[in-house]
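Residue numbers (full-length UniProt numbering): 1 to 305. Cβ atoms here follow ideal geometry from the backbone N, Cα and C, with glycine treated the same way. Everything numeric in this text was worked out from a predicted model, so none of it was measured. What follows is a short report on a single structure.
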Amino acid sequence: MLPRRVILLIICTLLLFLGIYTWNQRTGQWDRLCAAVGLEFTGGIMRGFAGVEDMVLGAWSNYVDLRNVREENRELKARLRVLEQRLADTREGMAELERLRRLMHLEYPASWQARASRVLAWRMGPNAALSTVMLSSGYMNGASPGTPVTSWEGVVGRILKAGPSTSVALLLTDTGSRVAVITSEGRVQGILAGGGPGLPLELRFVRQNAPVRVGELLVTSGVDSCFPKGIPVARVTAISTGGASRSGASVLEIQAEPLVDFHRLEEVFLLQRPADSITPESDAVYTRRAPLLEKPEEPEPEAGQ
């Protein structure tokens with residue numbers, strides 16, 4: 001029984017294929033169907049390979065682009081650092097230009113000459129014997145003991161000692177500093193003395209009934225033969241009564257603050273008369289030029305603090 005069914009199945013299959021073949025010979029539909037199925041199958045496989053290829057090529061391209069971006073990022077960072085440095089230099093140059101413009105707008109008596117100088121180092125504070133700054137000008141550039149030192153804000157101090165190309169200036173705040181001043185409104189004269197690091201200046205020898213007020217500007221009077229007249233020095237911050245001079249006369253106790261910010265000092269002017277010598281002065285000449293200035297003991301040369 002089983003062989004018959006097998007034979008019958010084979011015969012039916014052959015008849016089916018024969019029928020399909022005959023039908024395909026007349027219409028060609030089977031060829032088109034097989035071709036379409038084969039193309040679709042092959043296309044699916046090729047699309048899979050193409051997708052894998054695109055993925056691999058895309059990953060490689062992204063890797064190459066990432067490396068290029070990293071290199072470009074390094075270059076841009078390097079250029080940014082250069083530009084930031086140039087910007088910082090430009091800002092520093094603009095700030096220096098502004099300070100120099102302020103210095104150039106200052107007016108001094110015709111008999112005085114102003115020479116620009118740069119601050120190289122400074123010694124200020126309780127650990128320093130004197131409050132001083134080192135300048136880039138020496139006696140070859142017009143600096144000599146007693147030479148006035150100013151900035152665009154006002155009086156800085158005076159030259160304490162000078163070398164060939166550098167000098168040391170005693171600041172207005174040092175306890176050995178003395179400047180003859182006059183009030184801008186009441187025209188009251190006195191001697192402005194340094195109080196030391198962090199302490200106010202003291203205006204001495206002002207009588208009790210003198211017309212002085214808090215906030216009044218103190219300018220150089222010119223009577224000490226050191227500073228020209230009319231340079232701003234300080235501003236009065238406090239006034240009290242009850243003081244007495246060495247002779248017993250009643251005087252005012254007046255405190256003042258300097259106009260110059262010494263911690264931000266970078267450029268200064270050295271004031272010099274045309275007839276002044278550019279060689280180091282002796283102690284006798286020092287005393288003659290600044291009779292009101294007390295000459296402190298000169299410390300050993302030290303680097304700026």
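In this chain, the beta strand (DSSP E) harbouring K161 covers 155 to 162. Short of 6 Å from the beta carbon of P258, and not among the five residues preceding or following it, lie these beta carbons of its own chain, in chain order: L172, A234. The alpha-carbon of E185 is positioned some 16 Å away from that of R207.
For R213, no beta strand (DSSP E) run applies, since DSSP gives it neither H nor E.
Boundaries of the beta strand (DSSP E) harbouring L270: 267 to 272, taken from the DSSP string. Within the model, the alpha-carbon separation for P164 versus Y139 is close to 5 Å. Exposure of P3 is indicated by the presence of fewer than 16 other C-beta atoms within 10 angstroms of its C-beta. Your pair V179 and T147 does not check out as a contact, with CB atoms roughly 14 Å apart and the cut at 8 Å.
In the DSSP assignment, the residues bridged to M134 are A121, V168.
By the beta-carbon neighbour count (other beta carbons within 10 angstroms, threshold 16), Q29 is exposed. Straight-line measurement puts the Cα of F41 at about 35 Å from the Cα of R5. At the C-beta level, V268 and S151 come within 8 Å of one another.
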